[in-house]
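Asker:
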Amino acid sequence: MFSSKYIFETKQTKIQRYLKNSLFILVILFLLYSIFSAIFILVSENASKSSHDRFYNNSPDLIVVFTGDAGRIPFALKRAAEYKQPHIFITGVYSKNNVDTLLTPLKVEESFNPDLLQIDYLARNTLENCISTLRYLRSEKVYKNILIISHDYHIMRIKLIMNSIIQPDEGFKFHYSGIPTSYTNWRNLKILYKEVFKLLRTYGFLIFWDSQENSRVRPELLK
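For any residue, its number in the working numbering is found by taking its place in the sequence shown, counting from 1, and adding 1.
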């Protein structure tokens, strides 16, 4: 911080000092915010590596896709092909879409079995994606090792929510695969910075979350 160099400071030098201090604080905050943003990418990379190692000779019981940005469904289908197509659950799908409208533009292989793909239309945000996923898992009662797919900037918030709302005795094991994002693009960089704010906001909300009482709340009631 910059302190006064003068015993008797003029109005002009005082303003200059305040401006320097303000600029210094803004630069520090920006650097801290950027470092925190970089942690999101590291978390995703570590989670993706861990899931790759976990399923190297095995397949997940279920692949879950959180919609919200382009490329997630094609990425999930590619992963499904690598794992000899386990069941797929896509949450947050637009109401006018169905399995055919989702798969037709992607030109999936003929061996792909659309009957193994389930769609959720209710979820409208990440919290509701997580709730819909848990509801589906509880209703099916057969999936234990679950691979969740989204973009790398999104993984940290998904993990935070899942760890907060799941019941400790349910036995689900969540693994995560983040789609790499190029941050030389201003749009993607802006999304990453916004994600930091969303994580902090979600953390504040989850402080008051009672997983036993709220984990079965209908998504349309959570806004």
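Glycine residues also receive a C-beta, built at the ideal position from the N, C-alpha and C atoms.
How about the region 170 to 188 and the region 93 to 103: do they share at least three Cβ pairs that are nearer than 8 Å?
Answerer: no
Asker: Let me check understanding here. Comparing Cα to Cα, which of Leu138, Ser49, Val143 and Tyr177 lies closest to Ile167?
Answerer: If you number the sequence shown from 1, residue 167 lands on position 166. Here the closest residue by C-alpha is Leu138.
Asker: Tell me which residues share the same chain as Ser178 and place their Cβ nearer than 7 Å to its Cβ, disregarding the 5 neighbours each side in the sequence.
Answerer: As a working mapping, residue 178 is identified with position 177 in the sequence shown. Result list for Ser178: Ser49, Ser52, Arg80, Leu148 and Ile150, in chain order.
Asker: Note down the Cα distance separating Ser140 from Leu107, rounded to an integer number of angstroms.
Answerer: Mapped onto the sequence shown, residue 140 falls at position 139. Mapped onto the sequence shown, residue 107 falls at position 106. Computed Cα separation, rounded: 29 Å.
Asker: Determine whether the beta carbon atoms of Phe41 and Met157 lie at a separation below 8 Å.
Answerer: Here residue 41 refers to the residue found at position 40 when the sequence shown is read from its first residue. Here residue 157 refers to the residue found at position 156 when the sequence shown is read from its first residue. Closer than 8 Å, so yes.
Asker: Which same chain residues, not among the five before or five after Asp70, have their C-beta less than 6 Å away from its C-beta?
Answerer: In the sequence shown, residue 70 corresponds to position 69, counting from 1. So the list reads His152, once near-sequence residues are dropped.
Asker: Which residue marks the beginning of the beta strand (DSSP E) containing Phe67, and which one marks its end?
Answerer: As a position in the sequence shown, residue 67 is number 66, starting the count at 1. Leu63 to Phe67 is the extent of the beta strand (DSSP E) around Phe67.
Asker: Roughly how many whole angstroms lie between the Cα atoms of Ile26 and Asn186?
Answerer: Position 25 of the sequence shown, counted from the start, is the residue given in the question as residue 26. Position 185 of the sequence shown, counted from the start, is the residue given in the question as residue 186. Each residue's Cα considered, the two are about 26 Å apart.
Asker: Per DSSP, what kind of secondary structure is Lys199 in: helix, strand or coil?
Answerer: As a working note, residue 199 is residue 198 in the sequence shown. Lys199 falls in the helix class under three-state DSSP.
Asker: Would you mind giving the Cβ-Cβ distance between Ile74 and Val100, rounded to the nearest angstrom? I have them listed as a contact below 8 Å.
Answerer: Your numbering for residue 74 matches position 73 in the sequence shown. Your numbering for residue 100 matches position 99 in the sequence shown. With a Cβ gap of about 11 Å, Ile74 and Val100 do not count as contacting.
Asker: For Asp121, list the residues DSSP reports as bridge partners.
Answerer: Here residue 121 refers to the residue found at position 120 when the sequence shown is read from its first residue. According to DSSP, Asp121 bridges with Thr92.
Asker: My guess is that Phe67 and Thr127 are in contact by the Cβ rule of under 8 Å, so how many angstroms apart are they, rounded?
Answerer: Along the sequence shown, one-based indexing puts residue 67 at 66. Along the sequence shown, one-based indexing puts residue 127 at 126. Their Cβ separation, rounded to whole angstroms, is 7 Å, which keeps Phe67 and Thr127 in contact under 8 Å.
Asker: In chain order, which beta strand (DSSP E) runs of at least 3 residues are fully inside the region 123 to 162?
Answerer: Annotation note: the region 123 to 162 contains the following uninterrupted beta strand (DSSP E) runs of length 3 or greater, listed N- to C-terminal: 146 to 152.
Asker: From Phe113 to Lys85, what distance separates their C-alpha atoms?
Answerer: Position 112 of the sequence shown holds residue 113. Position 84 of the sequence shown holds residue 85. Cα to Cα, the separation comes out at about 9 Å.
Asker: Taking buried to mean at least 16 other C-beta atoms within 10 Å of its own C-beta, is Ala77 buried or exposed?
Answerer: Indexing the sequence shown from 1 puts residue 77 at position 76. When all chains shown are included, Ala77 counts as buried.
Asker: Give me whichever residues DSSP pairs with Phe175 in a beta bridge.
Answerer: The residue labelled residue 175 in the question sits at position 174 within the sequence shown. Paired residue(s): Ile147.
Asker: How many angstroms separate the CA atom of Arg188 from the CA atom of Thr182?
Answerer: The residue labelled residue 188 in the question sits at position 187 within the sequence shown. The residue labelled residue 182 in the question sits at position 181 within the sequence shown. Rounded to the nearest whole angstrom, the CA to CA distance from Arg188 to Thr182 is 11 Å.
Asker: With distances taken from CA atoms, which of Arg55, Pro115 and Val197 is nearest Ser35?
Answerer: Within the sequence shown, the letter at position 34 stands for residue 35. Nearest neighbour of Ser35 by Cα position, chosen from Arg55, Pro115 and Val197, turns out to be Val197.
Asker: Thinking C-beta only, is Leu193 closer than 8 Å to Tyr204?
Answerer: Mapped onto the sequence shown, residue 204 falls at position 203. Mapped onto the sequence shown, residue 193 falls at position 192. Going by C-beta atoms, Tyr204 is not nearer than 8 Å to Leu193.
Asker: Look at the Cβ atom of Thr92, then the Cβ atom of Ser133, and state whether they are nearer than 8 Å.
Answerer: Position 91 of the sequence shown, counted from the start, is the residue given in the question as residue 92. Position 132 of the sequence shown, counted from the start, is the residue given in the question as residue 133. Contact flag set, yes.
Asker: Might you give, ordered along the chain, the residues of its own chain that have their beta carbon closer than 6 Å to the beta carbon of Arg219, omitting 5 neighbours on each side?
Answerer: Position 218 of the sequence shown, counting from 1, holds the residue named residue 219. In this predicted model, Arg219 has a pLDDT of only 46, less than 50, meaning its place in the structure is not dependable enough to derive any value.
Asker: How would you label Tyr144, buried or exposed, when you count the other beta carbons within 10 angstroms and need 16 or more for buried?
Answerer: What you label residue 144 is simply residue 143 of the sequence shown in a count that begins at 1. Its Cβ being crowded by 16 or more others within 10 Å, Tyr144 is buried.
Asker: What residues in its chain sit with their C-beta under 7 Å from that of Ser38, if we drop five residues either side in the sequence?
Answerer: If you number the sequence shown from 1, residue 38 lands on position 37. Cβ within range, chain order: Leu193, Tyr194 and Val197.
Asker: Could you check whether the Cβ of Ile36 sits closer than 8 Å to any Cβ belonging to chain B?
Answerer: Here there is only one protein chain, and chain B is not present.
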